[in-house]
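FYI, in the working numbering the residues of the sequence shown are 31 to 262.
The structure appears below as structure tokens.
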Amino acid sequence: MSLITCEKATFAYEGVPVVKELDLQIEKGQYLCIVGENGSGKSTLVKGLLGLLKPVSGSVAFGDGLHQTEIGYLPQRSEIQPDFPASVWEVVSSGCHGLWMNARHQRMAEENLRLMSMDRLRNRSFARLSGGQQQRVLLARALCATKSLLLLDEPVAGLDPLVTREMYDVIRMLHEEKGLTIVMISHDIQAATQEADRILHLTSTGSFYGTPFEYRHSPLGVAFFGGCCCHE
Ligand code: ADP
Numbered sequence: 031m032s033l034i035t036c037e038k039a040t041f042a043y044e045g046v047p048v049v050k051e052l053d054l055q056i057e058k059g060q061y062l063c064i065v066g067e068n069g070s071g072k073s074t075l076v077k078g079l080l081g082l083l084k085p086v087s088g089s090v091a092f093g094d095g096l097h098q099t100e101i102g103y104l105p106q107r108s109e110i111q112p113d114f115p116a117s118v119w120e121v122v123s124s125g126c127h128g129l130w131m132n133a134r135h136q137r138m139a140e141e142n143l144r145l146m147s148m149d150r151l152r153n154r155s156f157a158r159l160s161g162g163q164q165q166r167v168l169l170a171r172a173l174c175a176t177k178s179l180l181l182l183d184e185p186v187a188g189l190d191p192l193v194t195r196e197m198y199d200v201i202r203m204l205h206e207e208k209g210l211t212i213v214m215i216s217h218d219i220q221a222a223t224q225e226a227d228r229i230l231h232l233t234s235t236g237s238f239y240g241t242p243f244e245y246r247h248s249p250l251g252v253a254f255f256g257g258c259c260c261h262e
């Protein structure tokens, strides 16, 4: 069974549909990138997957041991207060479920801090980190909330090219070495087709879903790549 199955799922605000009749299956081990122009419904779909918005018709179902509350979520940087008055450790450990940290939570937070190479900065103020370091801390936080699926909302937005490359490498490591399923929202179609193994392109009139190769040869992909990317 798929981790997440959307069947003809329609999400709307005040009766106006934004994501329409979406069929989507997210399988364990996939790396799915969701692209689309501003206003195409990417954030709305994120809210739908997180259970913050219910479909007005159709369904979103969870399987293969995944519960909706066990998605590791990295929000858009614009939603994060960059001067949030907390230490790196406090931000990471806030990703562990439950009101109190038990020994298992403590170990998990330590492990994820190390995995993101941020353990030596554990007592540093979150507000004093660079943008890339803040993203690593927030990734460690997201990792505390999940064993299987990371939902990353524009993880490289606002980062310089070098840090962007590092962030893509970290996400690839989590996918390939840690076996995590990745769902990433991105504006960077070029990178999406290089990093992900599935592409979902949302538009106001419908959606494309398929492999990067199929995407490059689809009308939407050809419109972006100009039909010149026949190599694979
Ligand atoms: P994207 O993330 O692709 O930029 P969004 O999902 O944020 O797109 O928005 C899709 C559409 O839904 C836009 O037309 C936006 O104005 C509208 N929208 C988003 N949030 C709300 C809301 N809370 N209430 C009403 N309309 C909304």
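Note that beta-carbon positions come from the ideal geometry of N, C-alpha and C, so glycine has one too.
Quick caveat, the model's predicted, so the values are computed rather than measured.
Per DSSP, reduced to three states, the secondary structure at Q55 is strand. Taking 7 Å as the cut-off, the Cβ atoms of H205 and Y61 count as close. Taken through DSSP and simplified to helix, strand or coil, T74 comes out as helix. At a cut-off of 3 residues, the continuous stretches assigned as beta strand (DSSP E) that sit fully inside the region 122 to 208 are 179 to 183. According to the DSSP assignment, E37 belongs to no alpha helix (DSSP H) but to the beta strand (DSSP E) extending over I34 to Y43. A straight-line Cα-Cα distance of about 15 Å links F238 and A39.
Annotation: M197 to H217 spans about 15 Å, alpha carbon to alpha carbon. In this structure, G81 has its CB at a distance of at least 6 Å from all heavy atoms of the ligand ADP.
K72 has its Cβ nearer than 6 Å to a heavy atom of the ligand ADP. In the DSSP annotation of this structure, T211 is not part of any alpha helix (DSSP H); the continuous beta strand (DSSP E) holding it starts and ends at T211 to I215.
Between the region 135 to 142 and the region 209 to 225 there are fewer than three inter-stretch CB-CB distances shorter than 8 Å, so the stretches are not counted as touching. Just measuring C-alpha positions, the residue of I34, K58, I64 and R158 sitting nearest G81 is I34.
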